[in-house]
Amino acid sequence: MAVRATVSRFPATPEALESCAVQWGVAVTPFAAADEHGQPPTTGAGGDRVPRCEHCWAYLSSHCDLERWGWTCALCGTLNGFDDEAERRFQRPDVCPELKSSFVDLEILVDEAEGGGDGVQALPVYVAAVDLACSEEFLELVKSALLAALEALVPGSLFGLMTFSHKIGLYDVQGPIPLVKNVFIPPDLEEDGLPVALEDAMPLLCFLAPVDTCKDQIAAVLETLRPTSSWERGVASGQEEDTVLLGRRGFGTAMSALIEYLSSEYGSTFALAGVLDTRRYGEQYASKGVDADLALLPEQIPFYRDLAAVAVQSGVCIDIFAVTDEYTDLASLKFLSIESGGSLFLYASTDDSTVPQDIYRLLSRPYAFGCVLRLRTSSDFEPGNSYGHFFPDPQYENVQHIICCDSFATYAYDFEFAHNDGFSRHTDPAVVQIAFQYSVIEPVKETSGNGSQPSASYKFCLKRRLRIRTLQYRPTNNISEIYDSVDPEVVLHILVHKVILESLDKGVREGRHQVHAWLSLLAARYNQALSSDVRPLSSIDIDFSQCPQLQTIPQLVFALLRSPLLRLHEEGVHPDYRIYLQCLFSALEPSSVAKAIYPVLISYSSPDKQAFPRHTLSHAALIMSESPIFLLDTFTNLIVYYSSTADPSVPFPPPHDCLLRKTINGLKQDRCITPKLTFIHGGKDDSTLFESYLIEEQDVDGSGLTTGSGFVAFRESVRNVAGEIIQEEIGS
C-alpha cells in the first residue's frame with residue numbers, strides 16, 4: 001500500500017491552509033506490493049483479532065500508546081481496555097505484527113460456512129463478450145486478443161464465450177463437438193423481454209469451461225466467429241438495412257442478461273433503456289448554440305450506471321475494450337467499467353491497437369476481489385471528497401467498495417478541518433489510517449496419479465486479508481515549511497481529479513478556468529508568504545524561485561491545460577477520447593499521471609549512452625542539447641526520435657541490445673497499459689506526432705487566457721491574475 005500526501009507537513013489551522021493555497025490530501029494505492037519507499041508490509045495472521053477503538057473504530061497500531069491493561073487510540077485519544085484474549089496476545093508483542101510495524105497485512109480467519117478458507121474451492125471466472133456487429137478486421141483483432149487471454153489465465157480458471165449483435169450466442173466447448181445456443185433479441189424488448197433466459201438456454205456450468213482442459217476447443221471456436229451483416233440485423237429488428245443504427249447492436253441487452261446469468265439472485269433489469277443515440281455527437285458538433293464540451297460529457301441515460309450497480313451486487317467486474325474512431329458515447333458506457341472496478345480501453349483503429357498485449361497484461365497480474373477501503377483520520381481533520389473507480393457504501397460514510405483492484409489502481413482523498421481551531425495541539429502529529437480488506441484467490445497445485453505418470457490438477461482457495469497502514473504527519477503554521485514539503489506529482493493528481501469532476505458538472509471551459517485560477521492564487525499566496533511588502537507586478541515571482549518543490553507546478557498546469565483532457569471541443573478533441581482519458585487518469589498513481597500530463601523527454605548521444613535525463617518540451621531544448629536521439633515517454637506512447645542532423649552512421653532504428661532499447665523494455669514492463677512504440681527519423685519521416693508534444697511553444701488555448709503563445713505568455717497571464725489578487729486583498 002503506497003500512500004503519498006500532497007504535503008508532508010500539514011497546515012496547522014484553516015488560516016494556514018488558506019494562506020498556502022496548496023491542495024491538501026493523499027493518494028492511496030492500496031494493493032501495491034510495497035509502500036511508497038519500496039518497503040513491503042509485515043505479514044501474519046490474526047487480522048480478525050486486531051483490537052479496535054471503542055469510539056472511532058480505528059485499529060490498534062504501532063503508533064498507539066500501550067499500557068498493561070489497555071491502549072490509547074492514536075487517532076482519537078480514547079483509552080481502550082484489552083479483553084482476555086488480547087491481553088494474552090500482547091504479553092508477547094514480538095509475535096504481534098500490528099505492534100512491530102505501522103504497515104501490516106494480516107490474514108483473516110474465515111469460516112468455511114461463510115465461503116472462505118483453505119477447504120473452500122474457489123474458481124476464477126472470466127467471460128468474453130464479443131461484438132459481432134463489426135468488421136472482419138476487428139474480429140481478427142478480437143481473436144488474437146482472446147488467444148492471448150487464454151495464455152494469460154491461470155490453469156483451472158473458468159472461461160465463457162458469449163457473442164452479441166441482434167442475438168446473443170452462448171458457446172459450450174466441453175463436449176466432443178462445440179455447441180452454440182442463440183437467443184434472439186426482440187425488436188420491442190421492453191414489452192416481451194428475452195424470449196428465453198440465458199440459464200434456460202444453456203446451464204452456466206456448461207457455458208463456463210476449464211481453461212486447462214478446453215483451451216484448444218475454445219481456440220477452435222474462435223476461428224468460427226463471423227461478423228453479422230447489417231442486413232441480418234435489419235431483418236431481426238424490422239428495419240431496412242440502411243437505417244440500422246450503429247448503437248442498436250444489443251450491447252445493453254447482452255450486458256444485462258450476462259450479469260443476471262452470472263448471478264441471477266439479484267433480479268433482472270430492463271435492456272431497452274440501454275439503447276444509445278450515437279447521432280447526438282454530429283448534432284451537437286454542428287450546433288452553434290450548444291456548448292459541446294458540456295453537452296457531450298454527461299451520460300445520455302442512467303441505464304449503464306444502474307446496470308453497474310447490479311454488477312457490483314453480483315460481484316461482476318467489467319472491462320470494456322472499444323476499437324472505433326466513431327462516436328460510441330463512452331460517457332454513458334463508462335460506468336459499467338469504472339464502478340465495477342474494471343478498466344476502459346479505447347483504440348482508434350485495428351491497425352494501431354494493442355488489444356492482445358493489453359488483455360494479456362490485464363489478466364496476468366494479481367488482483368484483489370471484494371475489497372472494502374476505509375480511510376480514518378485523527379479527530380481534528382477529516383476526509384472531504386474521495387476520488388477513484390469505486391462504489392461508495394450506501395450506508396457508511398468514507399467507505400468504498402471495489403469489486404476488483406490491481407496493484408496500479410489508485411484512489412485519492414482531500415482533507416478539511418473538523419472545526420475552526422485546526423489542530424488543537426500543534427505538537428501532536430496528525431494521523432491517517434487506511435484499512436483495506438480484500439480477498440485473493442490462491443492456486444494450490446495438487447499432483448495425483450500412480451507410478452511415474454502423475455497428473456496435475458488445479459485447485460484454488462479463497463483467502464481474506466486485512467491491510468492496515470497508519471501514518472503520522474507533523475502540523476505547522478510556517479508556510480515556508482509547508483511549501484518545502486510539497487509533492488508536486490500528488491498535487492497534480494488531486495487537481496486532475498477535481499478538474500475532471502468540474503468538467504463533468506460545468507463543462508471543460510469552467511474546468512480550465514478553475515485550474516488557471518488555482519495556480520494564480522498559489523502564486524499570489526507564495527509571494528505574500530515571501531514578503532509582506534507591496535511589490536510591483538514585474539517583480540512578482542511566478543517561478544517559485546525560492547522553493548524547488550513548487551517550481552515544476554506551472555509547467556504541469558500549463559501541460560494540463562494543453563492536454564486533450566482540457567482542450568476545447570473546437571480544437572478537434574473527440575468526446576469519447578476525452579472520456580477515455582478521464583477514466584485512465586483517474587485510476588493512475590501520481591507519477592504516471594504526471595508523465596501522462598507532462599511527458600518525459602530524454603536525450604541520447606548514441607543508442608548506448610544517455611546524454612541528459614530530462615528536457616523541457618520545446619524545440620529550443622532540442623536545439624540546445626545537440627543530441628541526435630530523443631526518447632519521449634507520454635505514458636501511452638513511447639516515441640524514439642532521431643534528429644534530422646543525426647550522423648547517418650548511427651543505426652536506425654536502435655539495435656535490440658543497446659541501452660535505449662533496454663530502457664524502452666523496462667518502461668513497458670512497469671506500466672498498466674501497453675504503450676505504443678514509434679520510431680521517427682526527422683527529415684525522412686513525418687514528425688508531426690513527436691512535435692505535437694513540444695507544447696511549451698504552443699498557445700495554451702484559444703480562450704483568451706493569454707495574449708501571446710507558449711509557456712512564456714502563460715506565465716505572464718498567471719502573473720497578472722496573481723497581481724490582481726494581491727492588490728485586491730491589500731485594498732480590502
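Its first residue numbered 1, the sequence shown is counted upward by one per residue in full-length UniProt numbering.
Ideal Cβ positions, reconstructed from N, Cα and C, are used throughout, including at glycine.
Item checked: Asp-484 - DSSP class collapsed to helix/strand/coil -> helix
Item checked: Residues of its chain near Glu-299, where Cβ-Cβ distance is below 6 Å and the 5 sequence neighbours each way are ignored -> Ala-331 and Ser-332
Notebook entry, point to check: Where does Arg-684 sit, in a helix, a strand or coil, going by DSSP?
Noted result: Inspection of the sequence shows that residue 684 is occupied by Lys rather than by Arg. Of the three classes helix, strand and coil, the one that applies to Lys-684 here is coil, per DSSP.
Note to self: I need the DSSP call for Gln-472, collapsed to helix, strand or coil.
What the structure shows: strand
Next item on the list: Leaving aside the five residues before and after residue 737 along the sequence, list all residues of the same chain whose C-beta is less than 7 Å from its C-beta, in chain order.
Entry: In the structure as shown, the chain begins at 1 and stops at 732. Residue 737 is therefore absent and cannot be evaluated.
Next item on the list: Following the continuous beta strand (DSSP E) through Glu-171, name the residue where it begins and the one where it ends.
Entry: The amino acid at residue 171 is misidentified as Glu; the sequence shows Tyr. Tyr-171 -> beta strand (DSSP E) spans 167-172.
Checklist line | Neighbourhood of Thr-616 by C-beta, 8 Å cutoff - its chain only, sequence neighbours within 5 removed | finding: Gln-555, Leu-601 and Glu-696
Next item on the list: May I have the straight-line CA-CA distance separating Thr-163 from Glu-98, to the nearest angstrom?
Entry: 49 Å
Next item on the list: May I ask you to report which of helix, strand or coil DSSP gives Asp-131?
Entry: strand
Notebook entry, point to check: Relative to the alpha-carbon of Pro-392, which residue among Gln-313, Asp-351, Ile-318 and Val-486 has its alpha-carbon at the smallest distance?
Noted result: Gln-313
Item checked: Span separating the alpha-carbon of Tyr-438 from that of Gly-572 -> 42 Å
Margin query: My output table needs one value for Pro-394: the three-state DSSP class, helix, strand or coil.
Written below: coil
Checklist line | Where Thr-163 sits in the DSSP three-state scheme | finding: strand
Checklist line | Beta-bridge pairing of Leu-106 - partner residues as DSSP gives them | finding: Gly-44 and Leu-466
Check: Are the Cβ atoms of Val-180 and Gly-169 separated by less than 8 Å?
Finding: yes
Notebook entry, point to check: What do you get for Gly-252, buried or exposed, if any count of 16 or more other CB atoms within 10 angstroms of its CB means buried?
Noted result: buried
Notebook entry, point to check: With Leu-521 and Ala-21 assumed to form a contact (beta carbons below 8 Å), what rounded beta-carbon distance in angstroms separates them?
Noted result: 5 Å
Notebook entry, point to check: Between which two residues does the alpha helix (DSSP H) containing Cys-214 stretch?
Noted result: 211-222
Next item on the list: Could you have a look at Val-50 and say whether DSSP puts it in helix, strand or coil?
Entry: coil
Item checked: Under 8 Å between C-beta atoms of Arg-361 and Thr-634 -> no
Next item on the list: Please report how far the alpha carbon of Ala-309 lies from the alpha carbon of Ser-340, in whole angstroms.
Entry: 8 Å
Next item on the list: Kindly list the residues whose CB is nearer than 6 Å to the CB of Phe-417, restricted to its own chain and excluding five residues on each side of it in sequence; keep chain order.
Entry: Pro-14 and Phe-381
Notebook entry, point to check: Are at least three pairs of beta-carbons, each pair with one atom in the stretch 136-143 and one in the stretch 197-207, less than 8 Å apart?
Noted result: no
Check: To the nearest angstrom, how far is it from the Cα of residue 748 to the Cα of Ala-5?
Finding: Summary: the structure shown does not reach residue 748, with the chain confined to residues 1 through 732, and so no result is reported for it.
Check: Going by beta carbon distance, what residues of the same chain come within less than 6 Å of Ala-621, once the five residues before and after it are set aside?
Finding: His-615
Margin query: Do Ala-129 and Leu-258 have their beta-carbon atoms positioned less than 8 Å apart in this structure?
Written below: yes
Check: How is Arg-279 classed by DSSP in three states: helix, strand or coil?
Finding: Because Arg-279 sits at a pLDDT of 49, beneath the cut-off of 50, its placement in the model cannot be relied upon, and the following sentence gives the value as read from the coordinates. Three-state DSSP puts Arg-279 in coil, outside helix and strand.
Next item on the list: May I have a chain-ordered list of the alpha helix (DSSP H) segments no shorter than 4 residues that lie completely inside the stretch 487-566?
Entry: 488-506, 508-530 and 553-562
Next item on the list: With Arg-578 as the anchor, note down where its alpha helix (DSSP H) starts and where it stops.
Entry: 575-585
Item checked: Endpoints, the beta strand (DSSP E) within which Thr-72 is located -> 70-72
Next item on the list: Take Gly-723 and list the residues in its own chain whose beta-carbon comes closer than 7 Å to its own, dropping the five residues that flank it on each side.
Entry: Leu-537 and Ile-540
Item checked: Straight-line gap, Gly-370 to Leu-344 (C-alpha atoms, nearest Å) -> 20 Å
Check: With distances taken between CB atoms, is the gap from Leu-550 to Val-486 smaller than 8 Å?
Finding: yes
Checklist line | Thr-678 vs Asn-637 beta-carbon contact at 8 Å | finding: yes
Margin query: On the DSSP bridge list, what partners appear for Cys-404?
Written below: Phe-369
Notebook entry, point to check: On the premise that Gln-433 lies in contact with Ile-468, defined as a C-beta separation below 8 Å, what is that separation, rounded to the nearest angstrom?
Noted result: 7 Å
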